[in-house]
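Below is one structure, written out as structure tokens; comments come after it.
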Amino acid sequence: AQSVAQPEDQVNVAEGNPLTVKCTYSVSGNPYLFWYVQYPNRGLQFLLKYITGDNLVKGSYGFEAEFNKSQTSFHLKKPSALVSDSALYFCAVRDRDDKIIFGKGTRLHILP
Amino acid sequence: DAGVIQSPRHEVTEMGQEVTLRCKPISGHNSLFWYRQTMMRGLELLIYFNNNVPIDDSGMPEDRFSAKMPNASFSTLKIQPSEPRDSAVYFCASSLAGASYEQYFGPGTRLTVT
Numbered sequence: 001a002q003s004v005a006q007p008e009d010q011v012n013v014a015e016g017n018p019l020t021v022k023c024t025y026s027v028s029g030n031p032y033l034f035w036y037v038q039y040p041n042r043g044l045q046f047l048l049k050y051i052t053g054d055n056l057v058k059g060s061y062g063f064e065a066e067f068n069k070s071q072t073s074f075h076l077k078k079p080s081a082l083v084s085d086s087a088l089y090f091c092a093v094r095d096r097d098d099k100i101i102f103g104k105g106t107r108l109h110i111l112p
Numbered sequence: 113d114a115g116v117i118q119s120p121r122h123e124v125t126e127m128g129q130e131v132t133l134r135c136k137p138i139s140g141h142n143s144l145f146w147y148r149q150t151m152m153r154g155l156e157l158l159i160y161f162n163n164n165v166p167i168d169d170s171g172m173p174e175d176r177f178s179a180k181m182p183n184a185s186f187s188t189l190k191i192q193p194s195e196p197r198d199s200a201v202y203f204c205a206s207s208l209a210g211a212s213y214e215q216y217f218g219p220g221t222r223l224t225v226t
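Here the protein sequences line up with chains D and X, keeping their order. Per the numbering used here, numbering through the first sequence is continuous, rising by one, with the last residue being 112. Per the numbering used here, numbering through the second sequence is continuous, rising by one, with the last residue being 226.
Rendered as structure tokens:
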């Protein structure tokens, strides 16, 4: 079955430290992978996507994600966290039927 | 561009009443998605239209829910009759062409059924 997993419900990081939000996927064929962020009382906002090419994808707000085919992962990273990065983060994958599957989300807390 | 527009932003209704949520996608986008978000169940895809045609409605909870897209610039999600367990935030999103492209979400409609 096609799926996407975010194994951590919550991640706590001190401001200024690097952050990683994990995502693994299971999908047939070449995956299209996305990261979205949701701030309180707002809709989701697109951060970045991987379709093909460079395994390291850069996106909005200084975020990047690394596609690892052998580990079927697409972890979201940022070198230096800001308090304003505190939000709910969703990983998503497009499956072979052109349908989108979202993970359950990871709440990121950046501690001042 | 104004982005995806949803109305109303908040809706409070009594059990048994009909509720209609509205969405205007970004001009030029061919795909539209309706989602529901709750603390218990997270983000759920309800239905997905491509060129005004429903592609996947497997997420629609039951017959009480229906969605239409009469033209490229307007969609509705209707609940009739509404129940307290329908209380949630309903999001509409649009993309250029299907699930291969990033989606742009509206601000959501917070529905409370009492």
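Every residue, glycine too, gets a C-beta built ideally from N, C-alpha and C.
H122 of chain X and V225 of chain X have their C-alpha atoms some 11 Å from each other. Beta-bridge annotation (DSSP): C91 of chain D is paired with D:W35. In the DSSP annotation of this structure, D9 of chain D is not part of any beta strand (DSSP E), being labelled neither H nor E. Neighbours of P173 of chain X in chain D, taken as residues whose beta carbon is under 9 Å from its own, are absent, since the nearest beta carbon is some 17 Å off. In this structure G128 of chain X touches S194 of chain X by the C-beta definition: roughly 7 Å separates them, less than 8 Å. Runs of the beta strand (DSSP E) lying entirely within the stretch 139-218 of chain X and spanning at least 3 residues, in chain order: 143-150, 154-162, 165-168, 177-183, 186-191 and 200-207.
In its chain, beyond the 5 residues on either side, L223, T224 and V225 have a beta carbon closer than 7 Å to the beta carbon of S199 of chain X.
Non-local C-beta neighbours of A14 of chain D in its own chain, meaning closer than 6 Å and more than five positions away in sequence, comprise L111, ordered along the chain.
Under DSSP, the beta-bridge partners assigned to T221 of chain X are X:Y202.
Assignment of beta-bridge partners to N68 of chain D by DSSP yields D:S73. When Cβ-Cβ separations below 7 Å define contact, S119 of chain X makes no contact with chain D.
Looking from the CA of R134 of chain X, the closest CA among X:A179, X:Y216, X:P196 and X:L208 belongs to X:A179.
Sequence-distant Cβ neighbours of F67 of chain D in its own chain, meaning closer than 6 Å and more than five residues away, are Y50, N55 and F74. Excluding residues up to 5 positions away in sequence, L108, H109 and I110 lie with their Cβ nearer than 7 Å to the Cβ of S86 of chain D in the same chain. Think of a sphere of 7 Å around the beta carbon of A211 of chain X: the chain D residues whose beta carbon falls inside it are R94, D98, K99 and I100, in chain order. Sorting X:C204, X:R176 and X:Q215 by C-alpha distance to the C-alpha of S119 of chain X places X:C204 at the top.
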